[in-house]
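Novice: The structure that follows is given in the form of structure tokens.
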Ligand code: HEM
Ligand SMILES: [Cu+2]
Ligand SMILES: [Cu+2]
């Protein structure tokens, strides 16, 4: 049963995977190779932790890249009749910013985090299909390279927006290789994440440690499961839509009937709506874990939260039509009903957040600050989402800056705040070194100010009639002042990201060691192992503790507290 | 009912509900922060099944209420099928890259422009007090006809016609915009919607019958 052989002295010596299938010999050879710390060992590793970290690190680099594009856009929009860049360049920028953020930043960040954490949290020594995960990472990188190539085609970078409606994106209206490369890039990146999500799902369902029943999985792991379910169910639709587009580019005359244009919209949003939940749920999971840890109690309303997540995932597949209320070709009432009903599971999630907070002893660590800010900020995105799901309101808001405000509140003020909560929380676990708390607090304060100063005014000028995706706007319509405020806010966000990068760089140089549980608050299995965890996650020195609930380490602390006191 | 009053009452309702929910959540967070200071030990309770069940029922009730107002308001803005009232004025609207063409089929008037740099915008002239029925289509890609003042928009597809109807009760001149991204000069694709008195409209339409205005 002892499948691993190691040199004496290696802490992995006495590791015995309990009841878990023996590791295949290829894995062991790979593990030996990976003891090298070189770059090559990193980028060819089949260790889910390394692949997860690579995926997240790559996506963070792109967060900065596509964030800088947003700063250029905001500079152009700071004043009416802006002349900083041409309308064509603006169109390229928002296309690259939006599609880059979705295909290359937030989706990989979400799935990469799941890949990193899920095996640790369920006590598995590795991910199912590790080579597939490595392949997915490289497929994602390939997609990113093609994406960057498309952006640098001198003649015609893609400029049809992130949902690239037909026939605007076909060979007649958007000729040129840039758009074609963009389609290939999105297929590659989306396909990559689909495969990776499949592996995570398989891991969570089939490779749990003894005692880890489904209803003892952490809230984060549950959020990862529903995320991966939505991913494998909806991402194929994008590949289909992009295939359709490909054909339309080869011969635009094939698709001269309206059915193609509207079918493309349906196919796209069948992916496009669930993907916003894919980019959201893992970060809800982060917020839940952080709230539980820093209130010192078991996550409140666990089972209702789990059912709500599952209901949400199921429902998410039936709401895509709220993006097409104004096409005159959608059953608006049906999609309004399904979309508004989603506020029920969303409300249950909020019950868990608030219930956990209300009985807790709150410690205002940096991850906790981000998690706390997430709650009201995402709520703004969610409540305005109900408005957008109301057809008579959407007839006014659709295609306006109101929508831009709404989805930046969900994606930025929501998801990204949750992501920062998670990054600050698990960074010491993943790297073994700690980040600076004062710098983290500065990062946080600037981020809160910047986010709200940037995106809150957008509700107002969207309501007043400014369409989205405009390269400029006339003077005299009264849009100037609020747009200037948004631009100032955007640069404050830029500053806060610089503080974050500085914080990372500083700790990489100082290398202050973290210890197994630097917060003294961890509740889930990953905090029982070393920081960073050993190759197969748990070993003789760090065995898997007994699992009796969704917070096994909290149980352990409470039991030892009870016996000693 | 016209779009704007329906929009206004539905928006007011949802804004109030949203504000109340937001207020409750913030208050509970503040309460949680305050009680946390007094606490030496976190609460051990991790479930309140009865409360949760009630809460889910309340949520379903609330969501059911909001979505019923959503359905009712959407039914309100559908053009009534009743044949009474004045005969609507029909205008054919064609969106194209990157401007608009308004055709008045009975009078054979065509109004168009170039919209270059936001100048040379076409004007859709309509009489007050009479329903205006728009047949909306596109010559090329998907566009969207939006008049913020009306609180209404609809997409213009090629090879497809959307029809909608509105009535303006007072005179005025409002800006209309394209709100679906349609390529290079999307930002400048504006038009005017001008409501004039029925006499002025009769005068205007007989004066320009059979002509193209640019
Ligand atoms: C520094 C922070 C950010 C700023 C200042 C910013 C600003 C903008 C602006 C000005 C637009 C163009 C709006 C329009 O014309 O329709 C835009 C679009 C968009 N942004 Fe951001 N953004 C930021 C971060 C993000 C993040 C983190 C995401 C996350 C995924 C995101 C996703 C999008 C998407 C999907 C679009 C739509 C693109 C399209 O219309 O095709 N943004 N953003
Ligand atoms: Cu959606
Ligand atoms: Cu347009």
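Residue numbers (my numbering), protein chains in the order written: chain A, 561 to 1125; chain B, 4 to 217.
Where a beta carbon is used, it is the ideal one built from N, C-alpha and C, also for glycine.
(1) In this structure, does DSSP put residue 180(B) in helix, strand or coil?
(2) Any beta carbon of chain A sitting closer than 8 Å to that of residue 156(B)?
(3) Between 936(A), 1093(A), 616(A) and 1064(A), which has its C-alpha nearest residue 994(A)'s C-alpha?
(4) Mapping the DSSP letters down to three states, classify residue 198(B) as helix, strand or coil.
(5) Helix, strand or coil for residue 206(B) per DSSP?
(6) Have a look at 1010(A), 640(A) and 950(A) and flag the residue whose alpha-carbon is nearest the alpha-carbon of residue 11(B).
(7) Got a sec: does ligand 3 put a non-hydrogen atom nearer than 7 Å to the Cβ of residue 118(B)?
(8) What is the rounded straight-line gap between the Cα of residue 1024(A) and the Cα of residue 598(A)?
(9) Taking a Cβ distance cut-off of 7 Å, strictly less, list which residues of the segment 70 to 103 of chain B are near chain A, in chain order.
(10) Residues of chain A with CB closer than 8 Å to the CB of residue 21(B), please, in chain order.
(11) Would DSSP call residue 957(A) helix, strand or coil?
(12) Measuring only from the beta carbon, is residue 158(B) closer than 7 Å to any heavy atom that is part of ligand 4?
(13) Tell me which residues pass a beta-carbon proximity test against ligand 3: closer than 6 Å to any heavy atom, given in chain order.
(14) So the candidates are 1036(A), 1071(A) and 1002(A); which of them puts its Cα closest to the Cα of residue 1053(A)?
(15) Could you check which residue in 711(A), 781(A), 698(A) and 898(A) has the C-alpha nearest to that of residue 751(A)?
(16) So is residue 1031(A) in contact with chain B if we call contact Cβ pairs under 8 Å?
(17) Could I get the ranges of all uninterrupted alpha helix (DSSP H) runs contained in the segment 50 to 106 of chain B, with 4 residues as the minimum, in chain order?
(18) Chain B beta carbons: is any one of them nearer than 8 Å to that of residue 858(A)?
(19) Use the C-beta contact count for residue 90(B): other C-beta atoms within 10 angstroms, 16 or more gives buried, fewer gives exposed.
(20) If you reduce the DSSP assignment to three classes, tell me which class residue 650(A) lands in.
(21) Please classify residue 572(A) as buried or exposed, where buried requires at least 16 neighbouring CB atoms within 10 angstroms.
(22) Per DSSP, which residues does residue 165(B) bridge with? Please list them.
(23) Going by DSSP, name the residue or residues bridged to residue 115(B).
(24) Within 8 Å (strictly less), CB to CB, does residue 126(B) reach chain A?
(25) What are the boundary residues of the alpha helix (DSSP H) that residue 668(A) is part of?
(26) Give me the chain A residues within the contact set of residue 189(B), using Cβ-Cβ distance strictly less than 9 Å, ordered along the chain.
(27) Who are the near neighbours of residue 742(A) in its chain, counting only those whose CB is closer than 6 Å to its CB and skipping five residues on each side?
(28) Which chain B residues are close to residue 1112(A), counting only those with a beta carbon under 8 Å from its beta carbon?
(29) The alpha helix (DSSP H) with residue 700(A) in it runs from where to where?
(30) Spatial neighbours of residue 702(A) within its chain, please: C-beta separation below 6 Å, excluding the five flanking residues on both sides.
(31) Just tell me which of 708(A), 737(A), 837(A) and 753(A) has its CA closest to the CA of residue 693(A).
(32) Here's the rule I'm using: 16 or more other beta-carbon atoms within 10 Å means buried, otherwise exposed. How should residue 1111(A) be labelled?
Specialist: Well, looking at it:
(1) Locating residue 180(B) in the second chain gives position 177, counting from the first residue. Three-state result, residue 180(B): strand.
(2) Counted from its first residue, the second chain places residue 156(B) at position 153. True, the Cβ-Cβ gap to chain A drops below 8 Å.
(3) For the purposes of this step, residue 994(A) is identified with residue 434 of the first chain, where counting begins at 1. Considering only alpha carbons, the answer is 1064(A).
(4) Position 195 of the second chain, counting from 1, holds the residue named residue 198(B). Looking at residue 198(B) - three-state DSSP - the assignment turns out to be strand.
(5) Taking the second chain and counting its residues from 1, the one referred to as residue 206(B) is at position 203. It is helical.
(6) Locating residue 11(B) in the second chain gives position 8, where the first residue counts as 1. Measuring from the Cα of residue 11(B), the nearest candidate turns out to be 950(A).
(7) Reading the second chain from its first residue, position 115 is the one you call residue 118(B). No, the Cβ of residue 118(B) stays beyond 7 Å of every heavy atom of ligand 3.
(8) Against the first chain, residue 1024(A) aligns to sequence position 464. Against the first chain, residue 598(A) aligns to sequence position 38. Using only the alpha carbons, I get a separation of about 56 Å.
(9) 70, 73, 74, 76, 77 and 80
(10) As a working mapping, residue 21(B) is identified with position 18 in the second chain. Simply 943, 944, 946 and 947.
(11) The sequence position of residue 957(A) within the first chain is 397, counting from 1. If DSSP states are grouped into helix, strand and coil, residue 957(A) belongs with the helices.
(12) You won't find ligand 4 in this model; what it holds is ligand 1, ligand 2 and ligand 3.
(13) 146(B), 181(B), 183(B), 184(B), 185(B), 189(B) and 192(B)
(14) On the first chain, position 493 is the one that residue 1053(A) refers to. Residue 1053(A) has its Cα closest to that of 1002(A), out of 1036(A), 1071(A) and 1002(A).
(15) The count along the first chain starts at 1 and reaches residue 751(A) at position 191. If we check each option's Cα against that of residue 751(A), 698(A) comes out closest.
(16) To locate residue 1031(A), count along the first chain from 1; it is residue 471. Judged by the 8 Å Cβ criterion, residue 1031(A) is in contact with chain B.
(17) 52 to 80
(18) Taking the first residue of the first chain as 1, we reach residue 858(A) at position 298. At least one chain B Cβ lies under 8 Å of residue 858(A).
(19) By 1-based counting over the second chain, the position of residue 90(B) is 87. So residue 90(B) ends up on the exposed side.
(20) Counted from its first residue, the first chain places residue 650(A) at position 90. Reduced to three states, the DSSP call for residue 650(A) is helix.
(21) Sequence index remark: in the first chain, residue 572(A) carries index 12 (1-based). Note that residue 572(A) scores a pLDDT of 37, beneath 50, so its modelled location is shaky; the value from the coordinates is reported in the next line. Burial call: buried.
(22) For this step, residue 165(B) is matched to residue 162 along the second chain. Answer is 139(B), bridged to residue 165(B).
(23) Here residue 115(B) corresponds to residue number 112 of the second chain, with the count starting at 1. BP columns for residue 115(B) point to 104(B).
(24) As a position in the second chain, residue 126(B) is number 123, starting the count at 1. Chain A contact via Cβ: absent.
(25) Numbered from its first residue, the first chain carries residue 668(A) at position 108. It spans 667 to 681 - the alpha helix (DSSP H) in which residue 668(A) sits, taken as one unbroken run.
(26) Taking the second chain and counting its residues from 1, one reaches residue 189(B) at position 186. Ordered by position in chain A, the residues that pass the 9 Å Cβ test against residue 189(B) are 647, 651, 1027, 1029, 1030 and 1031.
(27) Position 182 of the first chain holds residue 742(A). Closer than 6 Å at the Cβ level, and outside the excluded window around residue 742(A), lie 710 and 718.
(28) The residue you call residue 1112(A) lines up with position 552 of the first chain. In chain order: nothing, as chain B lies at least about 14 Å away.
(29) Looking up residue 700(A) in the first chain gives position 140. Note, residue 700(A): alpha helix (DSSP H), 690 to 712.
(30) The residue you call residue 702(A) lines up with position 142 of the first chain. Same-chain partners within the cutoff: 748.
(31) Here residue 693(A) refers to the residue found at position 133 of the first chain. With distances taken between Cα atoms, residue 693(A) lies closest to 753(A).
(32) To locate residue 1111(A), count along the first chain from 1; it is residue 551. With 16 or more other Cβ atoms within 10 Å, it is buried.
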